[in-house]
Each structure stands twice: as C-alpha cells, then as structure tokens.
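Q: Counting in this note's numbering, the sequence shown runs from 16 upward without gaps. Ideal Cβ placement from N, Cα and C applies to all residues, glycine included. Take this structure, written in structure tokens, and hold onto it; I'll ask about it next.
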Amino acid sequence: MSKAKAPKRPTRDEFELEDLGNQLVEAKEDGDLRTLSVWGMDDKVHGRIIELDSRTRLVHVDENGVTKKIPFLDIMKVSYE
Numbered sequence: 016m017s018k019a020k021a022p023k024r025p026t027r028d029e030f031e032l033e034d035l036g037n038q039l040v041e042a043k044e045d046g047d048l049r050t051l052s053v054w055g056m057d058d059k060v061h062g063r064i065i066e067l068d069s070r071t072r073l074v075h076v077d078e079n080g081v082t083k084k085i086p087f088l089d090i091m092k093v094s095y096e
C-alpha cells in the first residue's frame, strides 16, 4: 500500500516571491486592511499586517485583535479588502 500524498504547495519563481514581498511591505507601511489567500486554508485572512519577521519568515496579521502568524511561502495572494 502506498501512502496518500498531501497536495504540495505550488512553486513560484523568484520574481513572483519578490513581488509578493513588496506587496506585503507596502501593506505593512500603509496599515490598510488586506485580504490574504493562504495555501492550505479554506478561509481567507482579513486584517492588518503588523510585522514581517525575516528571521522566522512569518507574516504577523492582526485579525480582529487576534494575531495570526502565517508562513511567507504559504501566502498565495495579497489583495485589498
């Protein structure tokens, strides 16, 4: 019997990742509400980006007073609310 494989996160090239990083930096500086599409999550995350931790590669999002820490590579898309 073979193991059931979990779906893999889509791969993206360095230009897509750089663009995503720039969008996240801009969102943090603006302080505006953003919507993040996150790989592996059914619901989108709505909130303000409060910290970009380069050491742990986590994006901290304040969603209604609750801080969610999302891995950078799991973020698929950033859009305005």
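Below 8 Å between beta carbons: does that hold for Leu48 and Leu67?
A: no
Q: DSSP three-state label for Gly62, please.
A: strand
Q: Below 7 Å CB to CB, which residues in the same chain sit around Val53 once its five sequence neighbours on both sides are set aside?
A: Val60, Ile85, Asp89, Ile90, Met91
Q: Starting from the Cα of Arg72, find the closest Cα among Pro25, Leu32, Tyr95 and give me that residue.
A: Leu32
Q: Under a Cβ-count criterion, where at least 16 other Cβ atoms within 10 Å of its own Cβ denotes burial, should Gly46 be classed as buried or exposed?
A: exposed
Q: Throw me the rounded Cβ distance for the Glu78 and Gly62 pair, which I believe falls under 8 Å.
A: 4 Å
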